[in-house]
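One gets this note's numbering by counting positions in the sequence shown from 1 and adding 12 to each.
Think of the CB as a built atom: it goes at the ideal place given N, C-alpha and C, for glycine as much as any other residue.
Treat the numbers as computed from the prediction; the structure is a model and nothing was measured.
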Amino acid sequence: MSWILATLVAAAAQTGRNAAQRRLTAELGTMGATAVRFLFGLPFAALLLAVLAGFTAIPLPGPASLGWATLGALAQVAATALMLLTMESRGFGVTTALIKTEPVTLALIGTLLLAEPLGPARMAAIATATLGVVLMSSADWRRGGWRAAGLGIAAGALFGLSAIGFRGAILALPFGASGLRAATVLALSLALQSAIMLAWLGLADRPALAGIARHWRGSLGAGALGALASLFWFLGFALTSAANVRTLALVEVVMAQLVSGRVFREGSSMRQRAGMALIVLGVAGLIVVSAR
């Protein structure tokens with residue numbers, strides 16, 4: 013499978029998972045809804061890894077892979093919580109646009125930590141798509157105030173950092189094809205995140221744990237979509253740089269805008285539509301450059 017197809021599948025699954033998590037926030041609170049994607053995603057990831065273990069040896073993570081995975085896991089937990097906080101005061105589509113400022117973070121961190129220079133053509137594609145994100149977020153800038161906008165951008169930076177961590181963990185595994193590496197890091201990261209969230213909720217928010225048990229059906233759906241999205245994100249990270257994957261993932265902004273209008277009844281302005289056009293243009297440029 014190409015990284016382009018893997019990324020498109022991941023973006024579609026993540027849009028569905030984010031919508032499911034948003035609905036759960038009112039019932040479970042921010043941290044409860046954050047925990048759902050990890051707690052209910054872990055069984056699916058563990059089952060996949062168990063099936064693969066019946067056919068091939070599983071690469072055991074060493075200190076380097078474990079360290080990268082821990083970085084990615086912690087950053088993703090924090091990013092998810094900030095994303096759900098932003099969604100409480102801003103629209104689903106606009107929040108998704110705000111967090112998609114992450115390619116800038118990825119371009120800088122990936123170059124520094126993973127020695128993955130992007131070159132002028134890829135940087136131009138990232139800049140074009142990011143300008144589209146800025147236009148989309150500015151279209152509704154006053155609705156949630158600067159605090160909400162800042163939270164959304166911070167969530168995007170943390171999602172970018174988590175992508176770097178997960179790609180680092182995948183590359184640090186001792187052996188394995190791309191799919192096997194992705195499945196291994198997926199199970200490892202979800203196990204770490206589930207332990208973190210259970211410890212947090214057990215100490216600070218026990219009612220949320222009871223709420224998760226009551227809403228297990230909706231939580232199961234969000235977890236399944238989350239595991240599917242993460243698997244294909246990780247597969248993309250195994251095949252190309254995190255910056256390439258997360259820039260192409262900006263198509264999620266367009267998907268989220270469709271969900272925003274049809275499911276949550278949130279409208280879009282001319283500026284938002286212009287932003288979407290720039291996002292599509294930037295993503296198309298990245299695909300052309302990567303195909304050379």
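- In the structure shown, L72 falls within a coil segment according to DSSP collapsed to helix, strand and coil.
- Remark: C-beta atoms of F52 and G235 approach each other more closely than 8 Å.
- Burial check for R179: the Cβ neighbour count within 10 Å reaches 16 or more, so the residue is buried.
- Cβ contact annotation for A199 (same chain, cutoff 8 Å, sequence separation greater than five): L54, A57, A58, L60 and L61, in chain order.
- In terms of CA proximity to L94, A167 leads the group T68, L143, A167 and I70.
- Leaving aside the five residues that flank V301 on each side, the residues in its chain whose CB is nearer than 7 Å to its CB run, in chain order, A133, R134 and A137.
- For P186, no alpha helix (DSSP H) segment is defined, and its DSSP state is neither H nor E.
- By a beta-carbon distance limit of 8 Å, A211 does not contact V197. Their separation comes to about 21 Å.
- With a cutoff of 8 Å on beta-carbon distance, W80 and G177 are scored as near each other.
- Annotated three-state conformation of A239 is helix, per DSSP.
- When G144, G164, T46 and L83 are compared, the shortest CA-CA separation from G223 is found for T46.
- For S14, the three-state secondary structure derived from DSSP is coil.
- Burial is judged here by how many other beta carbons sit within 10 angstroms of a residue's own beta carbon; F187 has fewer than 16 and is exposed.
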